[in-house]
Structure formats: C-alpha cells, structure tokens
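J.:
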C-alpha cells in the first residue's frame, strides 16, 4: 500500500498540471541573471572574439610556410619554328624553318615556399591595438554586468512592492471580513441597521476589486522581471524577499563620499576607447616607414615521358623585399587626420560622461534626502492612522461610533499603510540609484 501511494504521488508531481513556483530572492535573481542573461552571454562571446583577433593579428607577423604540388600531362607538346641556318649555317636554307618540340609529356613540381614579414610598424601597432581591444571588451563586460544587475533590481523592486501591497490588502480584507461578520450578527439581533452592513459590504467589495487589479499588475511586472532574467515566461515565479529584509535606514556613505570616476565601468571603457583612438593615429603614421619581408623557396621539378624514365631538377632561392612608401595620393595623411578627429570626439564624449556622472551623483543625493524625509513623515502618519482606527473600532464595538466613521478610519489606515510601503520603496530605489551613481 505504501508503494502504491508513493507511485501515485510520483504520477501527480510528474503531471504537466502540477508545477512548482520557484521562489526567488533579489540575491537569487542576480545570480540567475549572471548565468542566463543574453546580454552577458553576448559580452563573453565578444571577449572570445577579441582573443581570436589577437591570434589573427599576431599571425600576420609570423613566418609562413607553404607546400605546393602540381602535375601536368601535355597531350600535345608545343612546337617552335627554328631557322635552318641556326643549326647549319653552311647548308641551311634561308627562309626555311625546322619544327622542333620542346619539353616532355609529364611534368611534376613540388616545393616549399617561406616568407616572413620581419619589420613593419603598422603590424606592431595593430597587434597592440588588438590586445587593447581585448581589454576594452573585458571592461565592457563589467559595464554590461552592471547594467544587467541594475535592470534586474529595477524589475524586481516593483514586483516586490506590489507583493507587499497585496499582503497589506489581504490583512485589511481579513479585518473588514471579520467586522462584517460581527456587524451582520448585530443586525440580525436588531442592534444595528441594514445600512451599516451595506457600507461594510461595499468597503469589502472595493478592497477585493483593488486586490484583483493588483494581481494583474503583479503578473505584468513579474513578466518584466522574467524577461530581465531570461527566465522562461511560461514558468511561475514568486518573489522571495520583503521590504523589511532589504530595507536599511542607515544613511549610506555615498552621501558624503567623494566621487571617483574610475569606479564607473563605463568610464573605464571610455578611457580604453580613447587609447584605441590614440593607437590608431600611430598605426597610420607608421605607414610612412619602410617594411621588410624575407622570402625563400626550395622546389623539385621532374620531367619525363614515362613514370619510370625522367629527370629531376632542383631549384632554390632566398631573398629579401624592402618596401618604402613614396607617394600614396595623400591617403595616409587623410587617414591620420580622420583618426585625430575621432580622438577629439572620444575626448569630448569622455568629458560629457564626467559631467553626466557628476550630475547623476548630485541628483541621486537630493532624491535620497527627499525620500528619507517622506518615509519619516509616513511613519508618523501610520502611527496616527493606527491610533484613529483602533479608537474608531472600540467606539463602534461599544455602540457609540458609526459605521461610516469606522470605514473612513479603515480606508485611511489602508491608504497610509500603502503610502508608507511606497515611501520605503522610494527610499530603497533612491539608495540603489545613489550606489549606481558611485559605481557600486
């Protein structure tokens, strides 16, 4: 019987209609995004491609060795006309020619050819640029990782606050449901009017309508979180954190800390891009310098009419080739000029980035102070709302207060709870924005 129950349980769990909703904290979400986000995967592929470019550029300056083999069978040997007087000046007839056949039917060639670009200024700068580009891609990975982290946080927090508001709403629905049940009992005993019951029923209906709206909103924001994580959209996902867990009221050190641009990965990436532009100028300037290539070859040539009868002729040589540019129609001059323009543009972009980061830090600090002040006010408002609601409940239960007063107090408490949750969320976002501005 125990085995049968275990088998039935296995079939139930294996059913496509039985699915577990994965509960994910913010830390879990960041780990999941690190492994699955498409942008990060693309950044890793870019690094692998940059590594390949280094090998590709390095191969340009390495010695090359090629093996060449070819075979020719002459179905008709070429003929040449030679004057008779060439071979017999005495008896040869002027104006008459002899038909002579040169060559043999079969020709076979095999040889090794070597060349080496041993000296070229553009090659060394190109190789240096390829290595710097690899560094650029690695710095770019840090930027992409930070962007993905920010995107996950920005998608997670709205889902978190809606989940918190649903929890608050459920608590208020439970309170109103209990109160409605008590009021209905008093009405049936003749102590209260039907109007008191109807007011509570209307309040409960409004709360349930609000709950349905929040559920639909949560589905939308959770789908946005799934997209940021590259999580399957058809699989369920639950928010595992709460605001109280993530919330820290201590003032962050970034409020007084001095900004260091080097902490921002996009700033580092921009500086590497500036170095790439500088190298580009030097690479074009090196084009005015001479280049040296070393070459060499060894070949074996076989000729014969039959495979078992023929002759071998070896051939080999070594040499060097020097190329000195004289005039290229001002091409390199134009290339250098354009590279300098690109360098100036990159410098302007770096300056704008510094100004943008400074502005971002200043605005983030102001937003944090404002959010902290709003939370302080909402904490005070929540204490007052809870006091008013408790007094209204006691008065209503003792028969000296109206249902209207109680419903108003309940609605005010619910709105204040939501406002405090929103204030906590705003302060959490402001802290995150401040940390992002400092590159943390």
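Residue numbers (the numbering used here): 8 to 447. In this text, a Cβ means the ideal position worked out from N, Cα and C, and glycines have one as well.
CB-CB under 7 Å to residue 135, same chain, minus the five flanking residues each way: which ones, in chain order?
T.: To locate residue 135, count along the chain shown from 1; it is residue 128. 286.
J.: Who pairs with residue 121 in a beta bridge, going by DSSP?
T.: Translated into the one-based positions of the chain shown, residue 121 becomes position 114. DSSP, once it has assigned bridges, lists 72, 303 as partnering residue 121.
J.: By the DSSP assignment, the beta strand (DSSP E) with residue 29 in it spans what residues?
T.: As a first step, residue 29 is located in the chain shown; it is residue number 22 there, counting from the start. 29 to 31 is the extent of the beta strand (DSSP E) around residue 29.
J.: Can you have a look at residue 1 and say buried or exposed, based on whether 16 or more other CB atoms are within 10 angstroms of its CB?
T.: Residue 1 lies beyond the stretch modelled for the chain, which goes from 8 to 447, so this question has no answer here.
J.: Can you list, in chain order, the residues of its chain with a C-beta nearer than 6 Å to that of residue 402? Leave out the 5 residues immediately preceding and following it.
T.: Here residue 402 refers to the residue found at position 395 when the chain shown is read from its first residue. 408, listed in sequence order.
J.: For residue 293, which residues in the same chain have their Cβ closer than 7 Å to its Cβ, ignoring the five residues on either side in sequence?
T.: By one-based count along the chain shown, residue 293 stands at place 286. So the list reads 128, 129, 132, once near-sequence residues are dropped.
J.: For residue 433, is the classification buried or exposed, using 16 other Cβ atoms within 10 angstroms of its Cβ as the cut-off for buried?
T.: Taking the first residue of the chain shown as 1, we reach residue 433 at position 426. Looking at its Cβ environment, which holds 16 or more other Cβ atoms inside 10 Å, residue 433 is buried.
J.: Here's the rule: buried if 16 or more other CB atoms are within 10 angstroms of the residue's CB, otherwise exposed. What is residue 223?
T.: If you number the chain shown from 1, residue 223 lands on position 216. Flag for residue 223 reads exposed.
J.: For residue 139 and residue 299, I'd like the C-alpha separation in whole angstroms.
T.: Sequence index remark: in the chain shown, residue 139 carries index 132 (1-based). Sequence index remark: in the chain shown, residue 299 carries index 292 (1-based). Whole-angstrom Cα-Cα distance: 25 Å.
J.: Quick one: grab the DSSP three-state call for residue 396.
T.: In the chain shown, residue 396 corresponds to position 389, counting from 1. Looking at residue 396 - three-state DSSP - the assignment turns out to be helix.
J.: Applying the criterion that 16 or more other CB atoms from any shown protein chain within 10 Å of the CB defines a buried residue, is residue 410 buried or exposed?
T.: What you label residue 410 is simply residue 403 of the chain shown in a count that begins at 1. Buried, since its Cβ has 16 or more Cβ neighbours within 10 Å.
J.: If you count every other CB in all the chains shown that lies within 10 Å of the CB of residue 362, and 16 or more means buried, which is it?
T.: On the chain shown, residue 362 is found 355 positions in, with the first residue counted as 1. That one is exposed.
J.: Below 8 Å, can you find three or more Cβ-Cβ pairs linking the region 169 to 176 to the region 67 to 76?
T.: With a cut-off of 8 Å, the region 67 to 76 and the region 169 to 176 do not count as touching, because too few Cβ pairs lie within range.
J.: Which of helix, strand or coil does DSSP assign to residue 412?
T.: Locating residue 412 in the chain shown gives position 405, counting from the first residue. Helix, per DSSP.
J.: Which one or two residues does DSSP pair with residue 90 in a beta bridge?
T.: Locating residue 90 in the chain shown gives position 83, where the first residue counts as 1. DSSP, once it has assigned bridges, lists 104 as partnering residue 90.
J.: Counting only the same chain and skipping the five closest in sequence on each side, list residues whose C-beta sits under 6 Å from that of residue 269.
T.: For the purposes of this step, residue 269 is taken as residue 262 along the chain shown, with counting starting at 1. Nothing listed; no residue qualifies.
J.: Using the Cα positions of residue 205 and residue 194, report the straight-line distance between them to the nearest angstrom.
T.: Here residue 205 is taken as the residue at index 198 of the chain shown, counted from 1. Here residue 194 is taken as the residue at index 187 of the chain shown, counted from 1. When rounded, the distance between both Cα atoms is 11 Å.
J.: Give the secondary structure of residue 447 by DSSP, where H, G and I count as helix, E and B as strand, and everything else as coil.
T.: Sequence index remark: in the chain shown, residue 447 carries index 440 (1-based). Note: residue 447 maps to coil in three-state DSSP.
J.: Per DSSP, what are the beta-bridge partners of residue 246 in this structure?
T.: Here residue 246 is taken as the residue at index 239 of the chain shown, counted from 1. Paired residue(s): 31.
J.: Would you check if the distance between the CB atom of residue 304 and the CB atom of residue 118 is smaller than 8 Å?
T.: One-based indexing of the chain shown puts residue 304 at position 297. One-based indexing of the chain shown puts residue 118 at position 111. Yes, they are a contact pair.
J.: Can the beta-carbon of residue 113 be found closer than 8 Å to that of residue 344?
T.: Start at 1 with the first residue of the chain shown, and residue 113 comes out as number 106. Start at 1 with the first residue of the chain shown, and residue 344 comes out as number 337. No, the pair does not count as a contact, with Cβ atoms beyond the cut-off.
J.: Here's the rule: buried if 16 or more other CB atoms are within 10 angstroms of the residue's CB, otherwise exposed. What is residue 197?
T.: Along the chain shown, one-based indexing puts residue 197 at 190. Exposed, by the Cβ-count rule.
J.: Write down the C-beta distance between residue 183 and residue 202 rounded to the nearest angstrom, noting that I regard them as a contact closer than 8 Å.
T.: As a first step, residue 183 must be located in the chain shown, where it is residue number 176. As a first step, residue 202 must be located in the chain shown, where it is residue number 195. Actually they do not touch by this definition, with Cβ atoms about 16 Å apart.
J.: What number of angstroms, rounded off, separates the C-alpha of residue 365 from the C-alpha of residue 348?
T.: Residue 365 sits at position 358 when you count from the first residue of the chain shown. Residue 348 sits at position 341 when you count from the first residue of the chain shown. Those two C-alpha atoms are separated by around 26 Å.
J.: Quick check on residue 438: buried or exposed, where buried means 16 or more other Cβ atoms within 10 Å of its Cβ?
T.: Against the chain shown, residue 438 aligns to sequence position 431. Buried, since its Cβ has 16 or more Cβ neighbours within 10 Å.
J.: Give me, in chain order, the residues of the same chain whose beta-carbon lies closer than 7 Å to that of residue 436; leave out the 5 immediate sequence neighbours on both sides.
T.: Taking the chain shown and counting its residues from 1, one reaches residue 436 at position 429. For residue 436, where only same-chain residues beyond five positions count, the Cβ hits under 7 Å are 164.
J.: With distances taken from CA atoms, which of 447, 443, 391 is nearest residue 421?
T.: Along the chain shown, read from residue 1 onward, the residue named residue 421 stands at position 414. Checked all of 447, 443, 391; the closest Cα to residue 421 is 391.
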